[in-house]
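Trainee:
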Amino acid sequence: MTAIPIDYEILRLVWWLFLGVLLIGFAIMDGFDLGVAMLLPFVARTDIERRVTLNAVGPFWEGNQVWLILGGGAIFAAWPPVYAASFSGFYVAMFLVLATLILRPVGFEFRNKVADTRWRSFWDYALFAGGLVPSVVFGVAFGNLLQGVPFRIDSDLRIFYEGSGLFELLNPFGLLCGLVSAAMLATHGAAFLTLKTSGHVQKRAQEFIGTGAAVTIVLFLLAGLWVWIGIEGYAITSAVTGREPSNPLIKMVSRQPGQWFANYATHPWMVLAPCIGIAGPLLTLLLTRARRSGLAFMTSAFGIFGIIATAGVSMFPFLMPSNIAPTASLTVWDASSSQLTLFVMLLAALIFLPIVLCYTTVVYAALRGAVTERDIERNSSGFY
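Numbering (the working numbering) for the sequence shown: 80 to 463.
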């Protein structure tokens, strides 16, 4: 058999990084769609304003779903135990996300089919729910990962989830993380609207950024303080090697207060992640006031990167800790697919991910420019 040219430990680390890239890519690219949907009832008060708002994201939202598919596929193929445990434990939450995401294409397509105020209002609030619910649930999921998930693994490496359902996930810290996610993405959506709209919609979006950025920073800091003083982190206490076949049960794990901050002491450069998470929304606010919409959108994206990266580097090497059987916690070193699988997937990713980035860049460049009320009035049937 031909030797694989990349070390197993390095492949696992690379796929941890790829997973982070895909999750952050989804949050940035599809996040502004979700944010615009959340803001729809507030930044647009007339029918024509709401059509402008929807058509600002209309050409992009379907393509942005690719990042969600890529992220789910990467978890399934590269980290199968994580996929199994998360989709078992978060099944109802995932179903809720999918149900509300389905409202988005239906709302876009159906809203303008009937010229009735109640009909259009119904779909406006359906789109609002399709933006708010996934944003909150994704944050709640991260909050529960930081606290640990109630699953165990038996001697045959079968995973058993022992949680009580959706309401267990909606604990105070999980909800706080959900609010961080919603505020972050709503601010991102507002930054996008300042770039792609004009008139009253743009003005209201600019006004919202001040509140949204401040709320994002405050909630992010509050969540960090809670993790520091109220959440026990996880630490591997046995010898660790990243070159052995995946078996989560061969390690020892302990829970310790403040352990999620240990990586920052060991690797001080990691503190860049929370710093970027705070600086991003702040710069977005300042650049919006300076009428630099393009740069404001970019700094909003950097803020999302920083906030999600903070969770990732804080938990490393844990991917999904267990709060009822800490030894069964899934980590980068013991929850991956085989070395050959990771290598073949890496080759595929190096080929196809640049293609995705290239066509995304081309689409955004071709469809640059703001959507105006005059555009809608000139070709009403050609827009959502």
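Note that the Cβ used here is the ideal one computed from N, Cα and C, for glycine as well.
Given a cut-off of 8 Å on the beta-carbon distance, is the pair PHE340 and TRP307 in contact?
Mentor: The residue given as residue 340 occupies position 261 in the sequence shown. The residue given as residue 307 occupies position 228 in the sequence shown. Result yes, Cβ atoms of PHE340 and TRP307 sit closer than 8 Å.
Trainee: Using a 10 Å radius around the Cβ and a threshold of 16 neighbouring Cβ atoms, would you call ASP233 buried or exposed?
Mentor: Translated into the one-based positions of the sequence shown, residue 233 becomes position 154. ASP233 is exposed by the Cβ-count criterion.
Trainee: DSSP state of MET80, grouped into three classes?
Mentor: In the sequence shown, counting from the first residue as 1, residue 80 sits at position 1. Residue placement at MET80 is poorly supported in this model, since its pLDDT is 46, which falls under 50; the coordinates still yield a value, given next. Correct three-state label for MET80: coil.
Trainee: With 16 as the cutoff for other CB atoms within 10 Å, does SER460 come out buried or exposed?
Mentor: Counting from one through the sequence shown, the residue named residue 460 turns up at place 381. Looking at its Cβ environment, which holds fewer than 16 other Cβ atoms inside 10 Å, SER460 is exposed.
Trainee: Please state the DSSP three-state secondary structure of GLU128.
Mentor: On the sequence shown, position 49 is the one that residue 128 refers to. DSSP places GLU128 in helix when its eight states are reduced to three.
Trainee: Output needed for ALA262: all residues of its chain with C-beta closer than 7 Å, excluding positions within five of it in sequence on either side, in chain order.
Mentor: Working through the sequence shown from its first residue, we reach residue 262 at position 183. Contacts found: GLY291, VAL294, THR295, LEU298.
Trainee: Since ARG183 sits in a beta bridge, which residues does DSSP pair it with?
Mentor: In the sequence shown, residue 183 corresponds to position 104, counting from 1. Listed as beta-bridge partners of ARG183 by DSSP are no residues whatsoever.
Trainee: Just how far apart, CA to CA, sit ALA388 and THR196?
Mentor: Residue 388 sits at position 309 when you count from the first residue of the sequence shown. Residue 196 sits at position 117 when you count from the first residue of the sequence shown. One C-alpha to the other measures close to 43 Å.
Trainee: In whole angstroms, what separates the C-alpha of THR456 from that of ARG124?
Mentor: Here residue 456 refers to the residue found at position 377 of the sequence shown. Here residue 124 refers to the residue found at position 45 of the sequence shown. Checking the sequence shown, residue 456 turns out to be Glu, not Thr. Distance between the alpha carbons of GLU456 and ARG124 is about 17 Å.
Trainee: Alpha carbon to alpha carbon, what distance is there between VAL131 and ILE403?
Mentor: In the sequence shown, residue 403 corresponds to position 324, counting from 1. In the sequence shown, residue 131 corresponds to position 52, counting from 1. Each residue's alpha carbon lies about 50 Å from the other.
Trainee: In angstroms with no decimal places, state the Cα-to-Cα distance between ALA314 and VAL332.
Mentor: The sequence position of residue 314 within the sequence shown is 235, counting from 1. The sequence position of residue 332 within the sequence shown is 253, counting from 1. So the two alpha carbons sit approximately 6 Å from each other.
Trainee: What is the DSSP secondary structure of MET399, reduced to helix, strand or coil?
Mentor: Stepping through the sequence shown from its first residue, residue 399 is reached at position 320. In this structure, MET399 counts as strand in the three-state DSSP scheme.
Trainee: Is it the case that the stretch 428-438 contacts the stretch 343-350, given that we only count it when at least three CB pairs across the two stretches are under 8 Å?
Mentor: no
Trainee: Answer yes if the stretch 197-214 comes into contact with the stretch 105-119, meaning at least three C-beta pairs across the two stretches below 8 Å, and no otherwise.
Mentor: yes
Trainee: Thinking C-alpha only, which one of ALA106, PRO229, VAL171 is nearest LEU149?
Mentor: Within the sequence shown, the letter at position 70 stands for residue 149. With distances taken between Cα atoms, LEU149 lies closest to ALA106.
Trainee: Mind checking which residues open and close the alpha helix (DSSP H) that includes GLY291?
Mentor: Counted from its first residue, the sequence shown places residue 291 at position 212. Start and end: 278-309.
Trainee: Kindly indicate which residue of GLU323, LEU409, ALA427, GLY289 has the alpha-carbon position closest to the one of SER379.
Mentor: Translated into the one-based positions of the sequence shown, residue 379 becomes position 300. Measuring from the Cα of SER379, the nearest candidate turns out to be GLY289.
Trainee: Threshold first: 4 residues or longer. Then list the alpha helix (DSSP H) segments lying entirely within the stretch 315-359, N to C.
Mentor: 341-345
Trainee: Under 8 Å: do the stretch 320-338 and the stretch 410-425 share three or more Cβ pairs, one atom per stretch?
Mentor: yes
Trainee: Assuming VAL450 and LYS275 make a contact with CB atoms under 8 Å, what is their CB distance in whole Å?
Mentor: Taking the sequence shown and counting its residues from 1, the one referred to as residue 450 is at position 371. Taking the sequence shown and counting its residues from 1, the one referred to as residue 275 is at position 196. 6 Å between Cβ atoms; contact.
Trainee: Given a cut-off of 8 Å on the beta-carbon distance, is the pair ALA172 and LEU245 in contact?
Mentor: For the purposes of this step, residue 172 is taken as residue 93 along the sequence shown, with counting starting at 1. For the purposes of this step, residue 245 is taken as residue 166 along the sequence shown, with counting starting at 1. Contact flag set, yes.
Trainee: Excluding five sequence neighbours on each side, which residues of the same chain lie with their C-beta closer than 7 Å to the C-beta of PHE376?
Mentor: Residue numbering aside, residue 376 sits at position 297 when the sequence shown is read from its first letter. Counting only Cβ-Cβ distances below 7 Å, and skipping sequence neighbours, we find ALA270, PHE271, LEU274.
Trainee: What does the alpha-carbon distance come out to for the pair VAL215 and MET394?
Mentor: Here residue 215 corresponds to residue number 136 of the sequence shown, with the count starting at 1. Here residue 394 corresponds to residue number 315 of the sequence shown, with the count starting at 1. So the alpha carbons of these two residues sit roughly 20 Å apart.
Trainee: Figure out for me which residue from SER243, LEU92, SER167, GLY268 has the closest Cα to the Cα of ALA135.
Mentor: What you label residue 135 is simply residue 56 of the sequence shown in a count that begins at 1. It is GLY268 whose Cα lies nearest to the Cα of ALA135.
Trainee: Under the DSSP definition of a beta bridge, which residues are partnered with VAL228?
Mentor: Working through the sequence shown from its first residue, we reach residue 228 at position 149. Note: VAL228 sits in a beta bridge opposite SER401.
Trainee: Which first and last residues belong to the alpha helix (DSSP H) in which PHE239 is found?
Mentor: Here residue 239 refers to the residue found at position 160 when the sequence shown is read from its first residue. Run containing PHE239: none in the alpha helix (DSSP H); it sits in the beta strand (DSSP E), 238-240.
Trainee: Within 10 angstroms of its Cβ, does MET80 collect 16 or more other Cβ (buried), or is it exposed?
Mentor: Counting from 1 along the sequence shown, the entry for residue 80 is found at position 1. With a pLDDT of only 46 at MET80, under 50, the local geometry of the prediction cannot be trusted, and the value read off the model is given with reservation. Burial call: exposed.
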